[in-house]
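K.L.:
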Amino acid sequence: MLAPLGEPLPGAARRVDFFIVGVQKGGTTALDSMLRRHPAVQMARRKEAHFFDDERLDWSRPDPAGLHDLFDWSARTVRRGEATPIYIYWPQAIERLAAYNPHARLVICLRHPAFRAHSHWRMVTTWQKEDLPFCRAIREGRARVAQGPEDDRRLFSYVERGFYAAQIARLLTHFPRRQLLFLRTDRLWSQTETELARLLDFLQLPQARIALADYIVPVVSTEATPMAAADHAYLCRLYEGDIRATSQITGLDLEDWLDPGYAEPMGG
Numbered sequence: 138m139l140a141p142l143g144e145p146l147p148g149a150a151r152r153v154d155f156f157i158v159g160v161q162k163g164g165t166t167a168l169d170s171m172l173r174r175h176p177a178v179q180m181a182r183r184k185e186a187h188f189f190d191d192e193r194l195d196w197s198r199p200d201p202a203g204l205h206d207l208f209d210w211s212a213r214t215v216r217r218g219e220a221t222p223i224y225i226y227w228p229q230a231i232e233r234l235a236a237y238n239p240h241a242r243l244v245i246c247l248r249h250p251a252f253r254a255h256s257h258w259r260m261v262t263t264w265q266k267e268d269l270p271f272c273r274a275i276r277e278g279r280a281r282v283a284q285g286p287e288d289d290r291r292l293f294s295y296v297e298r299g300f301y302a303a304q305i306a307r308l309l310t311h312f313p314r315r316q317l318l319f320l321r322t323d324r325l326w327s328q329t330e331t332e333l334a335r336l337l338d339f340l341q342l343p344q345a346r347i348a349l350a351d352y353i354v355p356v357v358s359t360e361a362t363p364m365a366a367a368d369h370a371y372l373c374r375l376y377e378g379d380i381r382a383t384s385q386i387t388g389l390d391l392e393d394w395l396d397p398g399y400a401e402p403m404g405g
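At position 217 of the sequence shown the residue is numbered 354 (my numbering), and the sequence of numbers has no breaks.
Quick look at the structure:
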């Protein structure tokens with residue numbers, strides 16, 4: 138249960154209340170920006186603290202200072218939150234988060250995995266860290282994720298991050314279902330007020346008008362090549378079973394994602 142809004146806790150009892158744990162390129166930047174507008178929310182000073190996926194830390198005796206330094210703990214009557222979308226995907230991150238705060242609430246934004254993969258590739262291409270065209274990156278390029286070093290698993294996991302069902306099943310081994318909220322990225326865009334009302338209710342926060350007029354993406358990559366029809370069809374076939382499993386495990390209706398003609402209402 139979330140602690141009631143009230144006096145700030147002493148140092149030993151300090152815990153961040155909620156986390157946006159995924160998915161990358163799923164609208165987490167927009168959601169983080171909107172929550173920053175809520176008077177009873179304090180988001181971390183920077184988006185993507187990358188605390189629980191930091192393999193340089195001694196996780197046998199973790200020191201939360203690297204996370205806690207991103208907040209003003211003198212502030213009263215706020216919920217504190219942090220958004221690092223790799224957490225749902227990165228091995229051990231959720232286990233570490235659960236050890237840190239087993240009562241935390243987790244928010245997961247889910248985007249159609251084929252579009253998510255292409256947006257991810259566009260971002261890495263914009264960073265000039267990808268040499269492969271998308272058609273090869275989602276096929277033979279996957280070997281880099283299976284066999285490569287940590288940086289490759291972070292950068293080139295275009296396809297792997299889209300298999301949501303297993304990642305959500307891992308969440309459920311560490312957190313009860315009542316502490317998880319699943320949002321569809323496309324509905325966060327097309328039904329913003331309704332989805333934000335669900336989110337604020339989940340976080341036990343007063344309702345507030347925090348919607349942004351523009352959809353925010355962290356990297357502008359409009360000059361990248363659009364996804365080819367053959368690649369879209371390939372990914373849709375690859376993800377079909379997982380979309381069905383994700384619908385079942387989350388309770389979200391994802392039937393329209395199985396339609397080959399499905400189109401997103403947003404860009405990025």
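Cβ coordinates follow ideal geometry from the N, Cα and C atoms, glycine included. None of these values were measured; they are calculated from a predicted model.
#1: Do the stretch 235-252 and the stretch 311-326 meet, that is, are 3 or more Cβ pairs less than 8 Å apart?
#2: From the DSSP output, which residues share a beta bridge with residue 218?
#3: Thinking C-alpha only, which one of 331, 154 and 194 is nearest residue 235?
#4: In the DSSP assignment, what residue or residues form a beta bridge with residue 120?
#5: Could you have a look at residue 244 and say whether DSSP puts it in helix, strand or coil?
#6: Just to confirm my understanding: we take residue 274, look at its own chain, exclude 5 residues before and 5 after, and list those with CB closer than 8 Å. What are they?
#7: Tell me whether residue 253 sits in a helix, a strand or coil according to DSSP, three-state version.
#8: Tell me, please, which residues DSSP counts as bridged to residue 321.
#9: Quick one: what does DSSP say residue 261 is sitting in, helix, strand or coil?
#10: Return helix, strand or coil for residue 210, following the three-state DSSP convention.
#11: Roughly how many angstroms lie between the CA atoms of residue 384 and residue 249, to the nearest whole one?
#12: Which ranges would you report for the alpha helix (DSSP H) in the stretch 255-313 if only whole runs of at least 4 residues count?
#13: Would you say residue 373 and residue 186 are within 8 Å of each other, going by their C-beta atoms?
#14: Would you tell me roughly how many angstroms separate the C-alpha atoms of residue 217 and residue 233, rounded to the nearest one?
#15: To the nearest angstrom, how far is it from the Cα of residue 193 to the Cα of residue 208?
#16: Using three-state DSSP, classify residue 165 as helix, strand or coil.
#17: Give a yes or no on whether the C-beta atoms belonging to residue 158 and residue 342 are separated by under 8 Å.
#18: Taking C-alpha atoms, which residue in 175, 387, 285 and 161 lies nearest to residue 347?
#19: Does the structure place the stretch 392-404 close enough to the stretch 273-288 that three or more beta carbon pairs sit under 8 Å?
#20: Just verifying my parser: in three-state terms, what is the DSSP assignment at residue 389?
#21: Determine the contact status of residue 190 and residue 301, defining contact as a CB-CB distance below 8 Å.
#22: Helix, strand or coil, according to DSSP, for residue 401 in the structure here?
#23: Less than 8 Å between the CB atoms is what I'm expecting for residue 247 and residue 322, so what's the real figure, rounded?
#24: Can you tell me where the alpha helix (DSSP H) with residue 333 in it begins and where it stops?
#25: With residue 330 and residue 320 assumed to form a contact (beta carbons below 8 Å), what rounded beta-carbon distance in angstroms separates them?
P.N.:
A quick look at the data gives this:
#1: Segments in contact, yes.
#2: For the purposes of this step, residue 218 is taken as the residue at position 81 of the sequence shown. Note: residue 218 is bridge-paired with 155 and 180 in the DSSP secondary-structure output.
#3: Translated into the one-based positions of the sequence shown, residue 235 becomes position 98. That would be 154, whose Cα lies nearest to the Cα of residue 235.
#4: Past the boundaries of the shown model lies residue 120; the chain is included only from 138 to 405, so the question cannot be answered.
#5: One-based indexing of the sequence shown puts residue 244 at position 107. Judged by DSSP in its simplified three-state form, residue 244 adopts strand.
#6: Within the sequence shown, numbered from 1, the residue matching residue 274 stands at position 137. Exclusion of the five residues before and after residue 274 leaves 258, 267, 293 and 295 as the residues of its chain whose Cβ lies within less than 8 Å of its Cβ.
#7: Position 116 of the sequence shown, counting from 1, holds the residue named residue 253. Looking at residue 253 - three-state DSSP - the assignment turns out to be helix.
#8: Walking along the sequence shown from the start, residue 321 turns up at place 184. Partner(s): 247.
#9: Counting from 1 along the sequence shown, the entry for residue 261 is found at position 124. Helix, per DSSP.
#10: What you label residue 210 is simply residue 73 of the sequence shown in a count that begins at 1. Coil.
#11: The sequence position of residue 384 within the sequence shown is 247, counting from 1. The sequence position of residue 249 within the sequence shown is 112, counting from 1. Using only the alpha carbons, I get a separation of about 12 Å.
#12: Segments of the alpha helix (DSSP H) lying fully in the stretch 255-313: 271-274, 280-284, 287-292 and 301-311.
#13: Start at 1 with the first residue of the sequence shown, and residue 373 comes out as number 236. Start at 1 with the first residue of the sequence shown, and residue 186 comes out as number 49. Pairing residue 373 with residue 186 gives a Cβ-Cβ distance that is not under 8 Å.
#14: Here residue 217 refers to the residue found at position 80 of the sequence shown. Here residue 233 refers to the residue found at position 96 of the sequence shown. Rounded to whole angstroms, residue 217 to residue 233 spans 18 Å at the Cα level.
#15: Position 56 of the sequence shown holds residue 193. Position 71 of the sequence shown holds residue 208. C-alpha separation (whole angstroms): 22 Å.
#16: Counting from one through the sequence shown, the residue named residue 165 turns up at place 28. It is helical.
#17: As a first step, residue 158 must be located in the sequence shown, where it is residue number 21. As a first step, residue 342 must be located in the sequence shown, where it is residue number 205. In this structure, residue 342 does not lie closer than 8 Å to residue 158 by Cβ.
#18: As a first step, residue 347 must be located in the sequence shown, where it is residue number 210. Ranking 175, 387, 285 and 161 by CA distance to the CA of residue 347 puts 175 first.
#19: Taking 8 Å as the limit for Cβ pairs, the verdict is that the stretch 392-404 does not touch the stretch 273-288.
#20: The residue given as residue 389 occupies position 252 in the sequence shown. In this structure, residue 389 counts as coil in the three-state DSSP scheme.
#21: Start at 1 with the first residue of the sequence shown, and residue 190 comes out as number 53. Start at 1 with the first residue of the sequence shown, and residue 301 comes out as number 164. Not a contact, by the Cβ cut-off of 8 Å.
#22: As a first step, residue 401 is located in the sequence shown; it is residue number 264 there, counting from the start. DSSP places residue 401 in coil when its eight states are reduced to three.
#23: Translated into the one-based positions of the sequence shown, residue 247 becomes position 110. Translated into the one-based positions of the sequence shown, residue 322 becomes position 185. Rounded, the Cβ-Cβ distance is 6 Å, consistent with contact.
#24: On the sequence shown, residue 333 is found 196 positions in, with the first residue counted as 1. Residue range 329-339 is occupied by the alpha helix (DSSP H) that includes residue 333.
#25: Numbered from its first residue, the sequence shown carries residue 330 at position 193. Numbered from its first residue, the sequence shown carries residue 320 at position 183. No, residue 330 and residue 320 are not in contact; Cβ-Cβ is about 13 Å, not under 8 Å.
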